[in-house]
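Step one of this worksheet: look at the structure below.
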Amino acid sequence: MDNMTFGLTMLVVGMGGTLLTLWVMSLIMSGLKKVFPYKEEEKKAE
Amino acid sequence: MGNAIASGLSGLIAGVQHLHWSNPIMIALGCVLLYLGIKKDFEPLLLVPIGFGCILVNIPLADLMEPDGFLRIIYDAGIRTELFPLLIFVGIGAMTDFSPLLEDPRTFLLGAAGQCGIFLTLILALSLGFSKLDAVAVGIIGACDGPTAIYVTSKYAPHLLGAVSVAAYSYMSLVPVIQPPIMRWLTTEKEKVIVMGVATTRTVSPTTKILFPLVITVVGGLIAPKGLPLFGSIMLGNFLRECGAVGRLSKTAENEIANIVTLLLGICIGATMSGVQFVKLQTLIILALGFVAICLDTVCGILFGKILKVLSGGRVNPLIGAAGISAFPMSARVVQREGFKYNNRNYLLMHAMGANAGGQVGSVMAAAVMLSVLKGMGII
Numbered sequence: 022m023d024n025m026t027f028g029l030t031m032l033v034v035g036m037g038g039t040l041l042t043l044w045v046m047s048l049i050m051s052g053l054k055k056v057f058p059y060k061e062e063e064k065k066a067e
Numbered sequence: 004m005g006n007a008i009a010s011g012l013s014g015l016i017a018g019v020q021h022l023h024w025s026n027p028i029m030i031a032l033g034c035v036l037l038y039l040g041i042k043k044d045f046e047p048l049l050l051v052p053i054g055f056g057c058i059l060v061n062i063p064l065a066d067l068m069e070p071d072g073f074l075r076i077i078y079d080a081g082i083r084t085e086l087f088p089l090l091i092f093v094g095i096g097a098m099t100d101f102s103p104l105l106e107d108p109r110t111f112l113l114g115a116a117g118q119c120g121i122f123l124t125l126i127l128a129l130s131l132g133f134s135k136l137d138a139v140a141v142g143i144i145g146a147c148d149g150p151t152a153i154y155v156t157s158k159y160a161p162h163l164l165g166a167v168s169v170a171a172y173s174y175m176s177l178v179p180v181i182q183p184p185i186m187r188w189l190t191t192e193k194e195k196v197i198v199m200g201v202a203t204t205r206t207v208s209p210t211t212k213i214l215f216p217l218v219i220t221v222v223g224g225l226i227a228p229k230g231l232p233l234f235g236s237i238m239l240g241n242f243l244r245e246c247g248a249v250g251r252l253s254k255t256a257e258n259e260i261a262n263i264v265t266l267l268l269g270i271c272i273g274a275t276m277s278g279v280q281f282v283k284l285q286t287l288i289i290l291a292l293g294f295v296a297i298c299l300d301t302v303c304g305i306l307f308g309k310i311l312k313v314l315s316g317g318r319v320n321p322l323i324g325a326a327g328i329s330a331f332p333m334s335a336r337v338v339q340r341e342g343f344k345y346n347n348r349n350y351l352l353m354h355a356m357g358a359n360a361g362g363q364v365g366s367v368m369a370a371a372v373m374l375s376v377l378k379g380m381g382i383i
């Protein structure tokens with residue numbers, strides 16, 4: 022594989038993969054925030 | 004007798020006789036790093052041991068990096084095995100509060116955009132004639148994350164470790180100098196004064212905080228298994244912090260382990276800076292590309308901030324995009340300072356902290372994805 026093909030593949034797949042992974046994580050964390058909402062008594066327990 | 008005295012004296016001047024022209028330059032560079040760390044407060048915990056290690060390794064005939072030399076033993080134990088950067092990550096995880104990120108999970112995406120410099124710099128390095136793996140090591144400076152840069156470089160381009168590490172840590176400490184001009188150029192006066200409202204970390208439950216490191220580890224590990232050591236160690240540290248059951252381990256990770264490993268890591272990086280290997284054109288090119296990488300991170304972060312501004316109906320200040328890098332919390336403070344300069348009722352700090360924490364996760368995740376893609380392509 023020549024260098025330019027390699028570089029462009031890394032840009033597209035690498036950057037795309039990073040964005041996709043973090044987007045999935047943001048969705049999961051948003052979901053978890055809804056499933057386990059903050060309650061005032063938890064603050065006292067902390 | 005006379006011969007014996009002459010032989011003995013020759014032993015005392017052998018060090019001077021074997022001095023390579025590049026050694027005094029490197030000793031001077033070591034002193035500059037010490038000066039920057041001590042007087043200018045630029046990452047002193049790292050620049051001081053790096054500077055001292057650099058001086059040590061440039062004194063001829065001491066053989067500190069030869070087999071059985073004490074720096075070689077530390078290097079082989081901690082850098083060659085990739086142990087030190089991972090232990091540092093356990094400490095960083097234990098030190099970091101990810102609540103601002105969890106408060107607004109959208110900021111994960113700013114942390115991703117802030118890694119664009121890695122991949123663009125990789126292409127630049129390739130176009131300048133670097134080999135594929137060398138270009139990966141140079142590009143990773145754009146992660147703006149010392150341990151990540153050391154982990155990747157020591158594994159795939161160990162001969163570049165000195166230059167890449169110095170670039171990564173130097174530019175991280177120069178974030179308050181590098182970022183503001185780019186932030187000013189890329190944002191309009193209207194955008195600079197956008198008020199994002201009060202942000203708190205009060206809506207994140209302890210359960211969510213405990214689940215966060217587990218989710219990142221499992222999801223990240225399934226997508227990018229080659230990078231699991233990187234984010235697995237940072238998330239282990241964070242889990243120790245958040246679970247609340249192992250306070251002693253958490254404190255040990257963020258204090259004793261982080262401090263000891265920082266010292267050993269710094270001195271080992273310095274030890275890779277021997278004049279013969281370091282003083283060459285390639286080092287200057289790597290330093291220049293590292294600078295470009297961090298500028299590109301900032302540019303892409305702000306541009307992504309502009310996209311979020313449009314998608315949110317103008318409620319996101321694009322300046323916070325600049326904080327989507329791993330220099331935590333320095334970059335968030337820079338954003339706060341710039342935003343406050345244009346509107347003294349604007350408190351962007353907590354929003355920027357979210358992006359900055361996203362940048363921390365983003366940098367290790369970008370490196371992890373990169374390694375897994377390289378593995379998939381059969382390059383590593």
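Just so you know, the sequences run in chain order A and B.
Just so we're aligned: the first sequence equals residues 22 to 67 in the numbering used here.
Just so we're aligned: the second sequence equals residues 4 to 383 in the numbering used here.
Where a beta carbon is used, it is the ideal one built from N, C-alpha and C, also for glycine.
Contact between the stretch 85 to 94 of chain B and the stretch 150 to 157 of chain B is present, with at least three C-beta pairs closer than 8 angstroms. Counting only residues of its own chain and dropping the five nearest sequence neighbours on each side, B:D66 has a CB closer than 8 angstroms to the CB of G72. Pairing B:K42 with B:I382, the inter-Cα distance amounts to about 43 angstroms. Taken in chain order, the unbroken stretches of alpha helix (DSSP H) that lie wholly in the stretch 55 to 88 of chain B and span 4 residues or more are 73 to 81. Under the 8 angstroms Cβ criterion, the stretch 120 to 134 of chain B does not count as touching the stretch 261 to 279 of chain B, having fewer than three qualifying pairs. As the crow flies, the alpha-carbon of B:P70 is around 35 angstroms from that of B:V376. Put simply, of B:I181, B:I8 and B:A371 the residue whose alpha carbon is nearest the alpha carbon of A:T39 is B:A371. Taking all protein chains in view, the Cβ of B:N347 is surrounded by fewer than 16 other Cβ atoms within 10 Å, so the residue is classified as exposed.
For B:I16, the enclosing alpha helix (DSSP H) starts and ends at G5 to Q20. The beta carbon of B:I41 does not come within 9 angstroms of any beta carbon belonging to chain A, so the residue lies off that interface.
For A:L32, the closest C-alpha among the options B:V139, B:M68, B:Y78 and B:S10 is that of B:V139. Judged by DSSP secondary structure, B:M380 falls outside any alpha helix (DSSP H); it is assigned neither H nor E. When rounded, the separation of the alpha-carbon atoms in A:W44 and B:L284 is 40 angstroms. Between the alpha carbons of A:V34 and B:L125 lies a distance of about 13 angstroms.
Among the residues facing chain A, B:V222 is included, as its CB has a counterpart in that chain under 9 angstroms away. Taking 4 residues as the shortest admissible run, the stretch 218 to 303 of chain B contains the following complete alpha helix (DSSP H) segments, listed from N- to C-terminal end: 231 to 246, 250 to 255, 261 to 274 and 278 to 281. Within 8 angstroms of the CB of B:A227, the CB atoms of chain A belong to G38 and T42, in sequence order along the chain. Residues of the stretch 263 to 290 of chain B with a Cβ closer than 9 angstroms to any Cβ of chain A: none. Taking every protein chain shown into account, the CB of A:E61 has fewer than 16 other CB atoms within 10 angstroms, so this residue is exposed.
Among the residues facing chain A, B:P108 is included, as its CB has a counterpart in that chain under 9 angstroms away. Taking CB atoms only, B:V372 has a neighbour in chain A less than 9 angstroms away.
The continuous alpha helix (DSSP H) containing B:N26 extends over residues S25 to I41.
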